[in-house]
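Protein chains in written order, with our numbering: chain A, 4 to 334; chain B, 55 to 386.
Idealized CB from N, CA, C, for every residue including glycine.
Please read all numbers here as calculations on a predicted model, not as lab measurements.
I have placed the structure first, in the form of structure tokens, so that the comments after it can refer back to it.
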């Protein structure tokens with residue numbers, strides 16, 4: 004007989020983290036850098052200062068939330084006792100320990116960087132579900148390539164200019180491919196409205212790139228960690244695809260997928276800071292819960308909440324048709 | 055009710071910790087961006103960037119891109135800058151090197167522009183770095199800009215060139231000098247010390263002991279800047295601390311029409327002043343710049359690294375594929 008087990012994941016907290024990280028991205032990393040275009044800067048100095056301060060506080064709150072979410076994901080993953088989630092959980096714990104040791108200067112920054120790359124690759128392997136997780140694979144490949152330009156130059160004795168170019172281009176192409184293939188993360192085809200929304204964003208993005216009247220290239224370099232060497236149209240298509248996926252995920256209650264996309268966007272490509280690396284790691288871990296493997300729902304799946312504002316989501320194991328009713332190993 | 059209270063408690067706890075961190079300016083995260091080592095050297099560095107003592111130091115390549123923030127926009131013809139930094143007896147030396155096959159020393163026509171390079175530091179260290187383009191209202195930046203046309207020993211005129219000579223030397227005939235234009239003063243230097251707190255606020259300030267010198271050789275510019283750790287005035291950073299310093303770079307190629315905002319810019323990266331000596335490489339007689347041969351067989355190492363990652367990922371995935379069987383076994 005099935006023993007109904009209940010496991011708990013504060014899924015509202017990742018949601019809060021997603022909102023805070025995007026808020027910080029919009030206000031601090033983007034807003035304060037674009038608002039300076041306003042003519043007569045002096046007149047708007049006070050509002051800009053206020054927005055910057057709000058963004059800075061959102062950053063600190065996001066960092067604190069990130070630590071809490073990673074700790075919860077570690078606890079939750081280890082508690083499930085399934086190899087993939089245990090590996091993910093241990094990965095989250097190790098990352099927290101390594102990042103903390105880096106902050107306390109117990110570990111050198113390059114060691115933290117190398118550990119981040121290894122952890123992210125291992126955790127990505129644990130969430131790999133074939134074609135559906137292809138966008139995550141592309142993103143992490145790009146992340147590792149961009150990270151390699153930093154770590155390879157810092158500790159390996161140098162890279163040649165062409166190697167740097169090749170790695171950065173790999174990172175940029177991977178980033179765009181990740182965004183373009185993002186709809187694969189969804190459970191089904193995107194709704195028509197989501198496609199229209201994506202088209203709208205793609206058109207606006209293309210117009211902004213073509214007109215050259217925007218801050219987009221430098222913001223891409225600054226926020227996403229890639230130099231923006233590829234044509235702007237590629238970025239416009241990627242933006243449209245990403246928005247279609249995000250809209251679809253929100254409209255069809257695929258909440259963890261939506262949060263994961265938000266965190267990847269805020270995290271960016273490459274080893275930029277332990278905060279941004281943590282966002283990417285959290286996103287990958289959440290995708291591991293959002294995209295269950297076939298026939299593995301008995302123990303590993305956390306159902307996505309329909310209560311978008313919920314801080315605590317109660318999850319129940321779902322049963323794969325054809326398999327016998329048995330007690331869950333995690334009661 | 056109990057659930058609501060527990061949620062509220064969690065959120066309030068997070069907010070409280072964030073407030074404490076903000077007030078104390080204690081950032082729990084650390085930067086993982088490129089770090090440029092400012093290495094300790096035992097003898098005074100020369101301002102000639104082509105000298106073996108500079109060329110033997112392993113550089114850090116910093117990618118650059120076109121400036122697209124504010125008009126005039128564009129540039130991006132230089133894709134990367136090689137950066138080396140050392141310190142000696144309380145002075146910081148930074149050398150920038152980039153490929154440019156057409157040195158531009160002379161700005162004798164409206165459409166002629168000088169080659170140039172700039173280094174930007176936040177005026178004050180902080181948990182957040184300022185906007186890379188001229189800083190922002192609450193976070194100023196200090197910029198060291200070197201210009202080839204301002205360098206006294208550079209060939210400023212072609213062999214068949216000539217100059218007009220004004221017989222009068224009083225301010226009436228030199229309005230720019232009289233107005234205080236720093237580029238028109240007699241004691242001009244190739245490096246300007248500038249501060250800015252947003253667009254339209256760029257201001258020249260006292261150079262103090264900021265020096266610099268550029269040299270063009272073998273299709274590349276090598277420009278060395280130096281300044282004491284202690285600044286000569288306000289809105290300039292102090293060096294020598296243990297914390298990394300944020301730093302960004304910009305390069306102009308005059309013959310490609312680059313001037314003002316039309317340039318190649320990098321994002322902020324970090325520089326760490328260390329007591330260790332610089333990593334050296336053997337300087338080949340014919341460096342295949344910009345793809346010079348690295349000191350290690352990096353191609354093999356790079357391929358090996360990605361191969362290891364791939365094998366590791368494949369191993370984890372294969373191991374996890376046993377999951378359903380294990381799970382089902384447990385469920386039998």
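Fill in: CB contact check: residue 146 (chain A) to chain B, cutoff 8 Å
The count along the first chain starts at 1 and reaches residue 146 (chain A) at position 143. No, no contact with chain B.
Fill in: Paired residues, beta bridge with residue 265 (chain B) - DSSP
Locating residue 265 (chain B) in the second chain gives position 211, where the first residue counts as 1. Residue 265 (chain B) is bridged to B:280.
Worksheet item: Does DSSP classify residue 151 (chain B) as helix, strand or coil?
Response: For this step, residue 151 (chain B) is matched to residue 97 along the second chain. Three-state DSSP puts residue 151 (chain B) in a strand.
Discussion item. For residue 111 (chain B), count the other beta carbons within 10 Å of its own beta carbon; 16 or more makes it buried, fewer makes it exposed. Which is it?
Written reply: As a first step, residue 111 (chain B) is located in the second chain; it is residue number 57 there, counting from the start. Label assigned to residue 111 (chain B): buried.
Worksheet item: On the three-state DSSP scale, how would you describe residue 300 (chain B)?
Response: In the second chain, residue 300 (chain B) corresponds to position 246, counting from 1. Strand at residue 300 (chain B).
Discussion item. Going by DSSP in three states, residue 48 (chain A) sits in which element: helix, strand or coil?
Written reply: As a working note, residue 48 (chain A) is residue 45 in the first chain. In the displayed model, residue 48 (chain A) falls within a helix according to three-state DSSP.
Worksheet item: So, helix, strand or coil for residue 186 (chain A), using DSSP?
Response: Numbered from its first residue, the first chain carries residue 186 (chain A) at position 183. Looking at residue 186 (chain A) - three-state DSSP - the assignment turns out to be helix.
Worksheet item: Would you say residue 184 (chain A) reaches chain B, if we count a Cβ-Cβ gap shorter than 8 Å as a contact?
Response: Your numbering for residue 184 (chain A) matches position 181 in the first chain. No, its Cβ sits nowhere closer than 8 Å to a Cβ of chain B.
Worksheet item: Do residue 112 (chain A) and residue 150 (chain A) have their C-beta atoms within less than 8 Å of each other?
Response: As a first step, residue 112 (chain A) is located in the first chain; it is residue number 109 there, counting from the start. As a first step, residue 150 (chain A) is located in the first chain; it is residue number 147 there, counting from the start. At the C-beta level, residue 112 (chain A) and residue 150 (chain A) stay beyond 8 Å of one another.
Fill in: Which of helix, strand or coil DSSP assigns to residue 276 (chain A)
Taking the first chain and counting its residues from 1, one reaches residue 276 (chain A) at position 273. DSSP places residue 276 (chain A) in strand when its eight states are reduced to three.
Worksheet item: Which residue comes first and which comes last in the beta strand (DSSP E) that contains residue 325 (chain B)?
Response: Residue mapping note: residue 325 (chain B) aligns to position 271 of the second chain, counting from 1. That run of the beta strand (DSSP E) goes 323-327.
Fill in: Rounded straight-line distance, which links the Cα of residue 25 (chain A) to that of residue 281 (chain A)
Sequence index remark: in the first chain, residue 281 (chain A) carries index 278 (1-based). Sequence index remark: in the first chain, residue 25 (chain A) carries index 22 (1-based). Near 14 Å, if we compare the C-alpha coordinates of residue 25 (chain A) and residue 281 (chain A).
Worksheet entry | Classification of residue 204 (chain B) by the beta-carbon crowding that lies within 10 angstroms, buried from 16 upward | As a first step, residue 204 (chain B) must be located in the second chain, where it is residue number 150. When all chains shown are included, residue 204 (chain B) counts as buried.
Practice prompt. Excluding the 5 residues preceding and the 5 following residue 184 (chain B) in the sequence, name in chain order all residues of the same chain whose CB lies nearer than 6 Å to its CB.
Written response: In the second chain, residue 184 (chain B) corresponds to position 130, counting from 1. Cβ within range, chain order: 176, 190, 193 and 195.
Discussion item. Quick check: the Cα distance between residue 250 (chain B) and residue 285 (chain B), rounded to an integer number of angstroms?
Written reply: Residue 250 (chain B) sits at position 196 when you count from the first residue of the second chain. Residue 285 (chain B) sits at position 231 when you count from the first residue of the second chain. Roughly 16 Å between the two C-alpha positions.
Item to complete: Using a Cβ-Cβ cut-off of 8 Å, state whether residue 292 (chain B) counts as contacting chain A.
Response: Position 238 of the second chain, counting from 1, holds the residue named residue 292 (chain B). Answer no: the Cβ-Cβ gap between residue 292 (chain B) and chain A never drops below 8 Å.
Fill in: Interface partners of residue 313 (chain B) on chain A, CB under 9 Å
If you number the second chain from 1, residue 313 (chain B) lands on position 259. None at all; the shortest Cβ gap to chain A is about 18 Å.
Discussion item. Do residue 87 (chain B) and residue 307 (chain B) have their beta-carbon atoms positioned less than 8 Å apart in this structure?
Written reply: Stepping through the second chain from its first residue, residue 307 (chain B) is reached at position 253. Stepping through the second chain from its first residue, residue 87 (chain B) is reached at position 33. No, the Cβ-Cβ distance between residue 307 (chain B) and residue 87 (chain B) is not below 8 Å.
Worksheet entry | Within 8 Å, strictly: CB atoms of residue 19 (chain B) and residue 316 (chain B) | Because residue 19 (chain B) is not part of the residues shown, which for chain B are 55 to 386, the question remains open.
Practice prompt. Would you mind reading off the limits of the alpha helix (DSSP H) that contains residue 262 (chain A)?
Written response: Here the question's residue 262 (chain A) lines up with position 259 in the first chain. First-last of the alpha helix (DSSP H) with residue 262 (chain A): 258-270.
Worksheet item: Exposed or buried, which one is residue 174 (chain B) when buried takes at least 16 other CB atoms within 10 Å?
Response: Within the second chain, the letter at position 120 stands for residue 174 (chain B). Residue 174 (chain B) is buried by the Cβ-count criterion.
Worksheet item: Should the stretch 249-264 of chain A be called in touch with the stretch 168-178 of chain A, which here means at least 3 C-beta pairs below 8 Å?
Response: no
Worksheet entry | Beta-carbon proximity list for residue 30 (chain B), same chain, < 8 Å, skipping 5 on both sides | There is simply no residue 30 (chain B) to check, as chain B begins at 55 and stops at 386 in what is shown.
Fill in: Per-residue burial, residue 171 (chain B) [other beta carbons within 10 Å of its own, 16 or more giving buried]
Numbered from its first residue, the second chain carries residue 171 (chain B) at position 117. Looking at its Cβ environment, which holds 16 or more other Cβ atoms inside 10 Å, residue 171 (chain B) is buried.
Worksheet item: Are any of the Cβ atoms in chain B nearer than 8 Å to that of residue 171 (chain A)?
Response: If you number the first chain from 1, residue 171 (chain A) lands on position 168. Yes, residue 171 (chain A) counts as interfacial toward chain B.
Discussion item. If I measure Cβ to Cβ from residue 100 (chain B) and keep anything under 8 Å in the same chain, skipping five residues before and after, which residues do I get?
Written reply: Sequence index remark: in the second chain, residue 100 (chain B) carries index 46 (1-based). Around residue 100 (chain B): 107, 108 and 278.
Worksheet entry | Span of the alpha helix (DSSP H) around residue 94 (chain A) | To locate residue 94 (chain A), count along the first chain from 1; it is residue 91. Its alpha helix (DSSP H) spans residues 86-106.
Worksheet item: What did DSSP end up calling residue 163 (chain B) once you bin it into helix, strand or coil?
Response: Taking the first residue of the second chain as 1, we reach residue 163 (chain B) at position 109. Coil at residue 163 (chain B), not helix or strand.
Worksheet item: How is the beta strand (DSSP E) around residue 248 (chain B) delimited, first residue to last?
Response: Within the second chain, numbered from 1, the residue matching residue 248 (chain B) stands at position 194. Per DSSP, residue 248 (chain B) belongs to the beta strand (DSSP E) from 245-250.
Practice prompt. Confirm, please, whether the CB-CB distance from residue 200 (chain B) to residue 264 (chain B) is below 8 Å.
Written response: In the second chain, residue 264 (chain B) corresponds to position 210, counting from 1. In the second chain, residue 200 (chain B) corresponds to position 146, counting from 1. It is not a contact, given that the beta carbons lie outside the stated cut-off.
Worksheet entry | Per-residue contacts from residue 75 (chain B) into chain A (C-beta, under 8 Å) | In the second chain, counting from the first residue as 1, residue 75 (chain B) sits at position 21. 63, 66 and 67, listed in chain order.
Worksheet item: In three-state DSSP terms, what is residue 198 (chain A)?
Response: As a position in the first chain, residue 198 (chain A) is number 195, starting the count at 1. The answer is helix: DSSP assigns residue 198 (chain A) an H, G or I state.
Worksheet item: Okay, do the stretch 201-208 of chain A and the stretch 260-269 of chain A touch, 3+ Cβ pairs below 8 Å being the bar?
Response: At 8 Å Cβ cutoff, the stretches do not touch.
Fill in: Residues that DSSP places opposite residue 29 (chain A) in a beta bridge
For the purposes of this step, residue 29 (chain A) is taken as residue 26 along the first chain, with counting starting at 1. Bridge partners of residue 29 (chain A): none, in fact.
Worksheet item: Between the beta-carbon of residue 179 (chain A) and the beta-carbon of residue 107 (chain A), is there less than 8 Å?
Response: If you number the first chain from 1, residue 179 (chain A) lands on position 176. If you number the first chain from 1, residue 107 (chain A) lands on position 104. No, the pair does not count as a contact, with Cβ atoms beyond the cut-off.
Worksheet entry | Cα-Cα separation between residue 72 (chain A) and residue 313 (chain B), rounded to whole angstroms | Sequence index remark: in the first chain, residue 72 (chain A) carries index 69 (1-based). Sequence index remark: in the second chain, residue 313 (chain B) carries index 259 (1-based). The straight-line gap from Cα to Cα measures roughly 48 Å.
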